[in-house]
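Data block below; observations after.
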Amino acid sequence: GNHGNDKSVDGLVGYGRSNASNKNAELASRGGISGNRIAATRVHIPGEAVHRTGPVYHGAGGRGGDIINSHHNTTKEGNIGVGPPRGDNDSIERWEGSRRPGSSDSASGRLPDGKTTMRVREVKLTEGLSFEYANDLRDACIRDGSMLQTFLDKIGFQGSLKGDDSKYDSSISYEVIVVRSPAAIDYSLVFESTRQLNKNQIFQLCRVFAKHKATGFLEWLGGTSKGWRFDSNTESSKSWKRRFVVQLNSLQGVFTLFARDGQKYFFVEEKKRMVWRKHAELTEIVSDIRVWIEILKSSDLTHRLLRNSGSGPDSPVHWAHHHPATGYPLTVVTESTMLELVEGVIKLFQQEFNNSASGPLGTRWRNHGRRRLSDWNEEAAKVCPGWTEDRLEHLLNKFPASPCNFGSRYA
Numbered sequence: 223g224n225h226g227n228d229k230s231v232d233g234l235v236g237y238g239r240s241n242a243s244n245k246n247a248e249l250a251s252r253g254g255i256s257g258n259r260i261a262a263t264r265v266h267i268p269g270e271a272v273h274r275t276g277p278v279y280h281g282a283g284g285r286g287g288d289i290i291n292s293h294h295n296t297t298k299e300g301n302i303g304v305g306p307p308r309g310d311n312d313s314i315e316r317w318e319g320s321r322r323p324g325s326s327d328s329a330s331g332r333l334p335d336g337k338t339t340m341r342v343r344e345v346k347l348t349e350g351l352s353f354e355y356a357n358d359l360r361d362a363c364i365r366d367g368s369m370l371q372t373f374l375d376k377i378g379f380q381g382s383l384k385g386d387d388s389k390y391d392s393s394i395s396y397e398v399i400v401v402r403s404p405a406a407i408d409y410s411l412v413f414e415s416t417r418q419l420n421k422n423q424i425f426q427l428c429r430v431f432a433k434h435k436a437t438g439f440l441e442w443l444g445g446t447s448k449g450w451r452f453d454s455n456t457e458s459s460k461s462w463k464r465r466f467v468v469q470l471n472s473l474q475g476v477f478t479l480f481a482r483d484g485q486k487y488f489f490v491e492e493k494k495r496m497v498w499r500k501h502a503e504l505t506e507i508v509s510d511i512r513v514w515i516e517i518l519k520s521s522d523l524t525h526r527l528l529r530n531s532g533s534g535p536d537s538p539v540h541w542a543h544h545h546p547a548t549g550y551p552l553t554v555v556t557e558s559t560m561l562e563l564v565e566g567v568i569k570l571f572q573q574e575f576n577n578s579a580s581g582p583l584g585t586r587w588r589n590h591g592r593r594r595l596s597d598w599n600e601e602a603a604k605v606c607p608g609w610t611e612d613r614l615e616h617l618l619n620k621f622p623a624s625p626c627n628f629g630s631r632y633a
C-alpha cells in the first residue's frame with residue numbers, strides 16, 4: 223500500500239522540509255525567539271478544527287513525517303512562540319497553563335495562581351489532508367478499539383488517550399488534533415503527548431501514518447474491520463490478480479532452477495515437498511512465497527516483505543496463510559502490494575542466485591536447458607502482454623541494489 227512517489231519496497235513517504243520563514247521580527251514579537259533562531263513556518267490553527275486557538279510555528283521537518291524539532295512556550299491567549307532547538311528532542315514541547323514554570327513553585331507542577339501545568343509534546347503525523355479526511359483519521363484514532371493505541375503499546379509508549387485512564391497512569395496521556403496548513407488549503411494530523419517519544423518511536427509512528435493513502439487505512443486505523451480481502455474498488459481487480467498469477471508463476475520457474483535444496487524442499491510427515499509450487503490461485507502462490515522468504519537469512523528486505531498488518535493494511539504476504547475472516551488487523555490486498563512483492567522476489571533472486579561466474583542471473587536463466595517454456599504461452603501473453611522473456615531477463619540481470627521500476631504496464 224505503498225505510498226507517494228517512493229517506489230522502493232519499503233514504501234515510505236519522504237516528506238520535504240518546511241519552507242523557511244524570514245519574518246523573524248514578527249516571530250519574536252509573538253513571544254518567543256530566544257537564543258539561536260530557527261527557520262520556521264507559521265501555521266494557523268482555527269478554533270473549529272482543534273481544541274485551542276492561536277498560531278503555531280513548526281520547525282523544519284524530515285523523512286517519515288514532518289518531525290518537529292523546536293521548543294514552545296504557551297500563553298493564556300494560546301500563542302505559541304518558537305524557541306531554540308532542544309538537542310535530542312524530536313518533537314514540539316510546550317506547556318499547558320498561563321506560562322512556563324520558572325520558579326521553585328513550578329518544580330512541583332504548580333503555577334503561582336494554583337493552576338496545574340502539563341508539559342505537552344507534539345509530532346506531526348501527516349499533512350496535505352482535506353478537512354473531512356483529517357477529521358475522519360482523528361475520529362479513527364480516538365475510537366474504542368483503535369489501532370493507534372495498539373501500535374503505541376507495541377512501540378513502548380505506555381500512555382492513555384486523554385480522559386481515559388482505564389489502562390495506564392492518567393498523568394501520561396495523548397490526544398490527536400487537526401491543524402490547518404499555512405496556506406489554509408489543507409490540514410495536518412498532530413499527535414500530542416505528555417511524555418517525550420524517543421526518535422525510534424517517532425519514526426515508527428510517522429511511518430504508519432505515511433500509509434494514510436493506502437486502501438483500507440481508515441478501516442484499519444479505526445479497528446472496524448479484521449481479516450483480509452482483495453481490493454474490490456477497482457474495476458480491473460480480477461485482471462490484475464490474473465496478471466500477478468502469471469508473473470509469480472514465471473518467477474517460480476526461476477526458483478526451481480536455481481534454489482538450493484535447503485531453500486527448495488521441506489518435509490511433512492517424512493514426505494518431501496517443494497516450498498514454492500506453481501498454482502492457479504494467487505492466495506496459494508503468495509502463501510508458498512511467504513514460506514520461502516521465512517527460510518532465507520534475515521535482512522531489511524525480508525523484514526519488509528514479511529511485515530504483518532500490525533503496522534498498516536498493506537502486508538504483502540502474511541494474509542495468505544490465514545482465512546479471510548481471521549481476527550488479525552485488516553489487510554487489503556492491492557495491485558500495489560503485489561507489485562511490491564514481485565519486485566521484492568526479483569531482488570531476493572538477485573541476492574540469492576546471482577553467484578555464478580558463468581554470467582548474470584537473467585542470461586543464465588534464459589539459456590538454461592530446463593527452463594519452463596510453458597510459462598510463456600499465448601494465454602499468458604494475453605493476460606500480461608508486457609511481461610515477456612526479454613523483460614524478465616533484463617530485470618534479473620540488473621544490479622541487486624537497483625530498483626526494478628518496471629511500471630504499472632508490466633503489472
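So in our numbering, the last spot in the sequence shown is 633, and the numbers never skip. Where is the CB? At the ideal position from N, CA and C, for every residue including glycine.
DSSP places residue 585 in the uninterrupted alpha helix (DSSP H) bounded by 583-588.
Judged by DSSP secondary structure, residue 558 falls within the alpha helix (DSSP H) whose first and last residues are 557-575.
Less than 7 Å separates the beta-carbon of residue 356 from that of residue 400. Burial state of residue 556 is buried, judged by a 10 Å Cβ sphere holding 16 or more other Cβ atoms. Residue 399: member of the beta strand (DSSP E) spanning 395-402, first to last residue. Residue ranges of uninterrupted alpha helix (DSSP H) with 4 or more members, entirely inside the region 431-474 and ordered along the chain, are 439-444.
The straight-line gap separating the alpha-carbon atoms of residue 537 and residue 408 is approximately 29 Å.
Going by beta carbons, residue 485 and residue 517 fall inside the 7 Å limit.
When the alpha-carbon of residue 553 is set against those of 382, 443, 405, the nearest one is in 443. DSSP, reduced to helix, strand and coil, places residue 379 outside both helices and strands of the structure shown, so it counts as coil. Going by beta carbons, residue 379 and residue 423 fall inside the 7 Å limit. A residue is called buried when at least 16 other Cβ atoms come within 10 angstroms of its Cβ; residue 558 meets this threshold and is buried. Leaving aside the five residues that flank residue 450 on each side, the residues in its chain whose CB is nearer than 6 Å to its CB run, in chain order, 541, 546, 553. CA-to-CA, the gap between residue 465 and residue 585 works out to about 24 Å. Excluding five sequence positions before and after residue 551, the CB atoms of its chain that fall closer than 7 Å to its own CB belong to 369, 442, 448, 531, 532, given in chain order.
In the three-state scheme derived from DSSP, where H, G and I count as helix and E and B as strand, residue 349 is classed as strand.
The C-beta distance from residue 459 to residue 453 rounds to 6 Å, short enough to meet the 8 Å contact threshold. Beta bridge pairing from DSSP links residue 496 with 487. Spanning the alpha carbons of residue 619 and residue 572 requires a straight line of approximately 8 Å.
According to DSSP, residue 409 shares a beta bridge with 351, 402. When secondary structure is reduced to three states using DSSP, residue 610 falls in the coil class, being assigned neither helix nor strand. For residue 582, the closest of 607, 468, 497, 617 by C-alpha to C-alpha distance is 617. Sequence-distant partners of residue 470 (beyond 5 residues in either direction) whose C-beta falls short of 6 Å from its own C-beta, in its chain, are 507. Here residue 596 carries a helix assignment [DSSP, helix/strand/coil]. Residue burial is scored here from C-beta neighbours: residue 431 has at least 16 other C-beta atoms within 10 angstroms and is therefore classed as buried. Judged by DSSP in its simplified three-state form, residue 554 adopts strand.
Here residue 467 has 504 as same chain residues with Cβ atoms under 6 Å from its own Cβ, once five neighbours each way along the sequence are excluded. Where residue 416 is concerned, there is no enclosing alpha helix (DSSP H), because DSSP gives it neither an H nor an E. Looking from the CA of residue 526, the closest CA among 509, 563, 502, 513 belongs to 563. Rounded to whole angstroms, the gap between the alpha carbons of residue 578 and residue 513 is 25 Å.
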